[in-house]
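Each residue of the sequence shown is one higher than the last, beginning at 1 in this note's numbering.
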Amino acid sequence: MKSDVEIAQAAEMHPIGEIAAKLAIADDELELYGKYKAKVTLDAWQRVKDKANGKLILCTAINPTPAGEGKTTTSVGLADALSRRGRKTAAALREPSMGPCFGMKGGAAGGGYAQVVPMEDINLHFTGDFHAITTAHNLLAALIDNHIQQGNALDLDVRRITWKRVLDLNDRALRHVVVGMGGRAHGVPRETGFDITVASEMMAILCLSRDLMDMKEHLGRIVIGYTRDGRAVRAEEIGATGALTLLFKDAVKPNLVQTLEGTPVFIHGGPFANIAHGCNSVIATKFALKFADYVVTEAGFGADLGAEKFLDIKCRFANLSPDAVVIVATVRALKMHGGLSKKELDKVDMAALKKGMENLVKHIENVKKFGLPAVVAVNAFPSDTQEELAFVREACEALGAKAALSEVWAKGGEGGLELAEKVEEALAEKADFRCLYDEKDAIPQKIDTIAREIYGADGVDFTKEAEKQLAELEALGFDKLPICMAKTQYSLSDDAALLGRPEGFRITVRELRLSAGAGFIVALTGSILTMPGLPKQPAAMAMDITEDGKITGLF
Numbered sequence: 001m002k003s004d005v006e007i008a009q010a011a012e013m014h015p016i017g018e019i020a021a022k023l024a025i026a027d028d029e030l031e032l033y034g035k036y037k038a039k040v041t042l043d044a045w046q047r048v049k050d051k052a053n054g055k056l057i058l059c060t061a062i063n064p065t066p067a068g069e070g071k072t073t074t075s076v077g078l079a080d081a082l083s084r085r086g087r088k089t090a091a092a093l094r095e096p097s098m099g100p101c102f103g104m105k106g107g108a109a110g111g112g113y114a115q116v117v118p119m120e121d122i123n124l125h126f127t128g129d130f131h132a133i134t135t136a137h138n139l140l141a142a143l144i145d146n147h148i149q150q151g152n153a154l155d156l157d158v159r160r161i162t163w164k165r166v167l168d169l170n171d172r173a174l175r176h177v178v179v180g181m182g183g184r185a186h187g188v189p190r191e192t193g194f195d196i197t198v199a200s201e202m203m204a205i206l207c208l209s210r211d212l213m214d215m216k217e218h219l220g221r222i223v224i225g226y227t228r229d230g231r232a233v234r235a236e237e238i239g240a241t242g243a244l245t246l247l248f249k250d251a252v253k254p255n256l257v258q259t260l261e262g263t264p265v266f267i268h269g270g271p272f273a274n275i276a277h278g279c280n281s282v283i284a285t286k287f288a289l290k291f292a293d294y295v296v297t298e299a300g301f302g303a304d305l306g307a308e309k310f311l312d313i314k315c316r317f318a319n320l321s322p323d324a325v326v327i328v329a330t331v332r333a334l335k336m337h338g339g340l341s342k343k344e345l346d347k348v349d350m351a352a353l354k355k356g357m358e359n360l361v362k363h364i365e366n367v368k369k370f371g372l373p374a375v376v377a378v379n380a381f382p383s384d385t386q387e388e389l390a391f392v393r394e395a396c397e398a399l400g401a402k403a404a405l406s407e408v409w410a411k412g413g414e415g416g417l418e419l420a421e422k423v424e425e426a427l428a429e430k431a432d433f434r435c436l437y438d439e440k441d442a443i444p445q446k447i448d449t450i451a452r453e454i455y456g457a458d459g460v461d462f463t464k465e466a467e468k469q470l471a472e473l474e475a476l477g478f479d480k481l482p483i484c485m486a487k488t489q490y491s492l493s494d495d496a497a498l499l500g501r502p503e504g505f506r507i508t509v510r511e512l513r514l515s516a517g518a519g520f521i522v523a524l525t526g527s528i529l530t531m532p533g534l535p536k537q538p539a540a541m542a543m544d545i546t547e548d549g550k551i552t553g554l555f
């Protein structure tokens, strides 16, 4: 079979105006970025804001493994399958980060015959949204250092500047840096570092804002550091808010593209789910819900991360109420959770499958805690046997979750028709959505609730540094905010090596970071990092472009 990029390059795309017309988006509500990409103007919202919402379907997954799960592929294929069933459908997805594209993962626009196109553009610079975030974030950092250099009127403590710089690449050498070296003319020396752009608080703000003026308000609330007497200093005090906002005047508008089968897709924003809240923008999701009758969206990594944050952060802030949840799993990944190595996954091992199935069972249980019906999409591989597939299906149905075989990677929307039928059956059930915790609870109580209820932990421990940060957040009145857990995606625990459904573990919170502008507190657990590194053989080393502009090696 052709590679993903070869399939995408062979696709016959429709002009983006034709895709917009499927959702009754007018030509004058589009800002074109070539033939096949466009931004939808915020004026379009005024026309549709009073329409009833369509059905919202969240696509999530088991904890990811090197065996692969295919969550984005399933999301795209499900949207195409619903379109084939005659439903007015749109997908709402995240923009890929170039860090993983050039690192280990490769492209992130679906796979096989369930892709979003133009795939190369989406995976690279797209419409410049990530560049806007990177530039705005670093402008604020430059203004902070300049304020200190020019007399430090706010009496900022240079040891307690919390605002770092960002770059949308994996670069471990930038995790800890010293700036301002070289003498008085070059700034005040201080320690700082870089995060990846998708971990930027401004990424979260873009994804949680209602419009540009709401975004301006949130940008002004960002806490950039503390004074020498311990007062929190916000971005608006630096005088940065207006300049930061104007950099987002285009980035705030959602992007419209298409699947290989011509289903409309809104792609906008892209925070990681292991170190950020892992969901596409509220603006894009709300647009999709007004323009389509069925909306398929996704949240990053496993349901313990992306789905929990989608439901406890995004839905809370945006007043969204999902109608059903799809959990993607593969027989191969479940066997890996059951103890098999990647080299052994082609063999039938029912004991390993049964043990690994506990990971999926936990995610089904978690979805039900939010009062939502669950559908399991078993993403098919050629090595799967009927015995294995039947076991997974029966185990899911015993828990009250519908299950369907998904073959969208090989067959596109046609391979997702059974899944689409099961999803529509789930949509007919009455959802009773509720958040997991009260945001007004104490910080330790909220973290403990997530750890016990979602991860299955026995409790939570705070390092001494985290305890100091906790006391400060409480003293400054920042404790009544939702929690954004930063945790390894590979395990329900904070130890990446504990696969399946571990028991008898505790979660260690080593750091609490305030995201006052976005409106949540980030709890960093275990050894999670906010600036990834490159692997020994980065994906970038296999990429190339020919004289006629043809890209190779991009997944």
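All C-beta atoms in this analysis are idealised placements derived from N, C-alpha and C, irrespective of residue type, glycine included.
- Between the C-alpha atoms of A10 and H137 there is a straight-line separation of about 37 angstroms.
- Bridge pairing for M485: A523 [DSSP].
- Secondary-structure assignment with DSSP links S515 through a beta bridge to F520.
- A contact between stretches requires three or more CB pairs, one per stretch, nearer than 8 angstroms, and the segment 267-276 meets this requirement with the segment 198-208.
- For R165, the closest C-alpha among the options P535, I545 and T530 is that of T530.
- In this structure L246 is exposed. Its beta-carbon is surrounded by fewer than 16 other beta-carbon atoms within 10 angstroms.
- If you check the CB distance, I313 and H277 come in under 7 angstroms.
- Between the alpha carbons of A542 and S97 lies a gap of roughly 18 angstroms.
- Comparing alpha-carbon positions, the option among G103, A20, A79 and I62 lying closest to K536 turns out to be G103.
- If you draw a 10 Å sphere on the C-beta of T385, you find fewer than 16 other C-beta atoms in it, and that means exposed.
- Relative to F287, the option among A91, V198 and L492 whose CA is nearest is A91.
- Check the Cα spacing between A67 and each of F381, R159, I528 and I447: the tightest is with F381.
- Rounded to whole angstroms, the Cβ separation of G99 and D168 is 6 angstroms, and the two are in contact under 8 angstroms.
- Taking C-beta atoms under 8 angstroms as the contact rule, I19 and G262 qualify, at a distance of about 6 angstroms.
- Here A81 is not near G456, since their CB atoms are 7 angstroms or more apart.
- Between P189 and L23, the C-beta gap is not smaller than 7 angstroms, which leaves the two residues out of contact.
- Take the alpha-carbon of E429 and the one of I62: they are about 23 angstroms apart.
- Here I545 is exposed: its Cβ has fewer than 16 other Cβ atoms, across all protein chains shown, within 10 Å.
- Unbroken beta strand (DSSP E) runs of no fewer than 3 residues, entirely contained in the segment 444-495, are found at 460-462 and 483-486, following chain order.
- Beta bridge pairing from DSSP links E191 with V178.
- Assigned with DSSP and collapsed to three states, P100 falls in helix.
- DSSP lists E31 and N255 as the bridge partner or partners of K39.
- Secondary structure at R332: helix, using DSSP grouped into helix, strand and coil.
- For E439 against K480, the beta-carbon gap comes to about 6 angstroms, under 8 angstroms, which counts as contact.
- Each of H147, V328, M350 and A431 was checked against the Cα of T227, and the nearest Cα belongs to H147.
- Ranked by how close their Cα comes to the Cα of V179, the residues I144, S200, V198 and G151 have I144 in first place.
- Classified as exposed, E465 has fewer than 16 neighbouring CB atoms from the shown chains inside 10 Å of its CB.
- Residue pairing by DSSP places D544 opposite T552 in a beta bridge.
- With contacts defined as CB atoms closer than 7 angstroms, M350 and L334 fail to qualify as a contacting pair.
- In this structure, the CA atom of D250 is about 14 angstroms from the CA atom of S209.
- In the three-state reduction of the DSSP assignment, K290 falls in the helix class.
- If you look at C59, you'll find it isn't in any alpha helix (DSSP H); it sits in the beta strand (DSSP E) that goes K55 to A61.
- Sequence-distant partners of R184 (beyond 5 residues in either direction) whose C-beta falls short of 8 angstroms from its own C-beta are missing from its chain.
- Residue environment analysis places R501 among the buried positions, since at least 16 neighbouring C-beta atoms fall within 10 angstroms of its C-beta.
- DSSP places F272 in the coil class of the three-state scheme, outside both helix and strand.
- Beta-carbon to beta-carbon, M336 and T65 are separated by about 4 angstroms, close enough to satisfy the 8 angstroms threshold.
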